[in-house]
Amino acid sequence: MEIGVHTPPLADESLEGVLSYLSDLGVGAIEPGVGGHPGQAHLPRAEFLDDDSAQQTISNQLEEYDMRISALATHNNPLHPDDERAETADTELREAIQLASQLEVGVVTCFSGLPAGGPTDEVPNWITAPWPPEHADALEYQWETAVDYWANLESYADDHDVDIAIEMHPNMLVYEPHGMVRLREETGERIGANFDPSHLYWQGITITDAIRYLGDRDAIHHVHAKDTKIYEPQAREKGVLDTTAYDDEPNRSWLFRSVGYGHGESHWKDLVSTLRMVGYDGALSIEHEDSLTSSREGLEKAVDLLERAVFETEPGEAYWAE
Numbered sequence: 005m006e007i008g009v010h011t012p013p014l015a016d017e018s019l020e021g022v023l024s025y026l027s028d029l030g031v032g033a034i035e036p037g038v039g040g041h042p043g044q045a046h047l048p049r050a051e052f053l054d055d056d057s058a059q060q061t062i063s064n065q066l067e068e069y070d071m072r073i074s075a076l077a078t079h080n081n082p083l084h085p086d087d088e089r090a091e092t093a094d095t096e097l098r099e100a101i102q103l104a105s106q107l108e109v110g111v112v113t114c115f116s117g118l119p120a121g122g123p124t125d126e127v128p129n130w131i132t133a134p135w136p137p138e139h140a141d142a143l144e145y146q147w148e149t150a151v152d153y154w155a156n157l158e159s160y161a162d163d164h165d166v167d168i169a170i171e172m173h174p175n176m177l178v179y180e181p182h183g184m185v186r187l188r189e190e191t192g193e194r195i196g197a198n199f200d201p202s203h204l205y206w207q208g209i210t211i212t213d214a215i216r217y218l219g220d221r222d223a224i225h226h227v228h229a230k231d232t233k234i235y236e237p238q239a240r241e242k243g244v245l246d247t248t249a250y251d252d253e254p255n256r257s258w259l260f261r262s263v264g265y266g267h268g269e270s271h272w273k274d275l276v277s278t279l280r281m282v283g284y285d286g287a288l289s290i291e292h293e294d295s296l297t298s299s300r301e302g303l304e305k306a307v308d309l310l311e312r313a314v315f316e317t318e319p320g321e322a323y324w325a326e
């Protein structure tokens, strides 16, 4: 395994500056944004797509710093009921897949998207319960919409030999492992998870069980290293479906935290070990969204912990079992 970094927190740096800084930290992979919410500060799609010279330049930079790209990121909502917004997100995804193929990057990370609750609605609708019955009807409509879209995009990704890694995220149709597997089974094997534990912690999902469930179905295409801390007094009062602003930290029932500040080192070692058990040996891409520390300090502390957790070599023979 190798430690990677999702680069948007370093958007004020040039790509070369990012590579130099992360290389000095011992990071081996980057996950740059190429559109959507991550932006495209370090890898603007239009500047690199179909441009052999520009692609060679970035290849040379990566080689100089002994770095690779683990995935290209474009997180948006291609199922949005606003046709213009959906079309923009779809274009970002398709061009990201094209660019990934040209750069010989095997993965694009994204969201599943979220439709409205019906064909005449104007706002995406995150449904978390089957009652009253109109919510169950809306959910059925959403899944039909999603399967139709993602089956088509899965075929497009397969034509380009690229996997689509969907982050299970609140306010998206796929926000937990069973939904992730359902989408994969109803569309195709190019669809899988960008396994980000941070959104699963606050839902009460046991991370190692989720890894085994998805891993047993070959459904993990990429991994984010991002932590979450649940603040029990607030959670006991209002639960974890918390709409309090992220920067109102004292009043939230949970916060995204730097790796190690929500769950300790032993937990992260269990997480890494379970990933190895299910056959994942790619990047752990650190995503910094901790409002209690700066980007650089959060990244550096995450790298420090993960260096003690990741495996750098292949396992040997179990000679003691012979």
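In this note's numbering, the protein residues as written are 5 to 326. In this text, a Cβ means the ideal position worked out from N, Cα and C, and glycines have one as well.
Here Ala155 is not bridged, per DSSP, to any residue. Taking a cut-off of 8 Å on C-beta distances, the segment 107-120 touches the segment 79-97, as three or more cross pairs fall below it.
Taking C-alpha positions only, Ala161 is separated from Asp94 by approximately 12 Å. Trp324 is classed as exposed because its beta carbon has fewer than 16 other beta carbons within 10 Å across all chains shown. Between the alpha carbons of Glu35 and Met71 lies a distance of about 11 Å. Going by C-alpha positions, Gln59 is about 6 Å away from Phe52. The beta carbons of Tyr145 and Gly122 sit about 6 Å from each other, so the pair counts as a contact at 8 Å. Runs of the beta strand (DSSP E) lying entirely within the segment 120-208 and spanning at least 3 residues, in chain order: 167-170, 195-199.
The alpha carbon of Gly219 has as its nearest neighbour, out of Pro237, Asp294, Tyr250, Val276, the alpha carbon of Val276. Distance between Ser289 and Gly8, taken at the CA atoms: about 4 Å. Cβ contact annotation for Leu47 (same chain, cutoff 6 Å, sequence separation greater than five): Pro36, Val38, in chain order. Nearest to Tyr250 by C-alpha distance, out of Gly243, Lys233, Leu259, Lys242, is Leu259.
For Leu259, the uninterrupted beta strand (DSSP E) run begins and ends at 258-261, by DSSP. The beta carbons of Glu6 and Gly286 sit closer together than 9 Å.
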